[in-house]
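Reading through the structure tokens given below for one structure.
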Amino acid sequence: LSSASSGAADKVWSAKSSGFIGSNESLAFENYLVKAQVHNNTNSSLMIYKDMIQIEMKDFKLNEFKQYNSVGITLLGIYGNYSWIAFSKIEEKTLWVPSGRATLKWGDTYSFENYSIGFESLGKDSVTLAISGKNTAGTDIFMKNYSKDYDNMRLVVTEINRTGIIELEFLK
Numbered sequence: 011l012s013s014a015s016s017g018a019a020d021k022v023w024s025a026k027s028s029g030f031i032g033s034n035e036s037l038a039f040e041n042y043l044v045k046a047q048v049h050n051n052t053n054s055s056l057m058i059y060k061d062m063i064q065i066e067m068k069d070f071k072l073n074e075f076k077q078y079n080s081v082g083i084t085l086l087g088i089y090g091n092y093s094w095i096a097f098s099k100i101e102e103k104t105l106w107v108p109s110g111r112a113t114l115k116w117g118d119t120y121s122f123e124n125y126s127i128g129f130e131s132l133g134k135d136s137v138t139l140a141i142s143g144k145n146t147a148g149t150d151i152f153m154k155n156y157s158k159d160y161d162n163m164r165l166v167v168t169e170i171n172r173t174g175i176i177e178l179e180f181l182k
């Protein structure tokens, strides 16, 4: 994890590889191999192999996920006679959770947790915000949908209105 951002670290399944498998095809990832047979537009039968030995034959529904040791397999979609399969693994990722929103007009100051956010100036496509908190004091320029991390808070400017109104989203 970067020291610049400290949202909640969590273990999540992260896609590593995906592909489309026809009836006589297979898709491999690490020591796993998957073969698929489409039944209809919502189900495919998957044959799962590990080290070239079949470990399971299972009917998967759309978006169904199953864990095989440290590898996850998901049926993402069905397109004609092709099954769209994804392989995933557990990773530790920083997850930011929406924690609040605010609308400010030019000159306003807003407090969120231990931070003070002041709307200082409006540019053509940007705003200058004064941010102060426990370990932070200064000004930053934001474009629309730009974000910046301040210790345990992420600030996103979600809207810039030329009349001097901005919308902010706070994540922790």
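So in the working numbering, spot 166 of the sequence shown is number 176, and the numbers just go up one at a time.
Glycine included, each C-beta is placed from N, C-alpha and C at the ideal position.
Quick caveat, the model's predicted, so the values are computed rather than measured.
{"Asked": "Runs of beta strand (DSSP E) wholly within the segment 29-74 (minimum 3 residues, chain order)", "Found": "36-39, 42-48, 53-60 and 63-71"}
{"Asked": "Collapsed DSSP secondary structure at residue 82 in the structure displayed", "Found": "strand"}
{"Asked": "Neighbourhood of residue 142 by C-beta, 6 Å cutoff - its chain only, sequence neighbours within 5 removed", "Found": "126"}
{"Asked": "Start-end ranges of the beta strand (DSSP E) lying completely within the segment 95-141, minimum 3 residues", "Found": "108-115, 119-122 and 125-132"}
{"Asked": "Rounded straight-line distance, which links the Cα of residue 158 to that of residue 91", "Found": "45 Å"}
{"Asked": "Backbone CA spacing between residue 66 and residue 57 [nearest angstrom]", "Found": "6 Å"}
{"Asked": "Exposed unless 16 or more other CB atoms sit within 10 angstroms - verdict on residue 84", "Found": "buried"}
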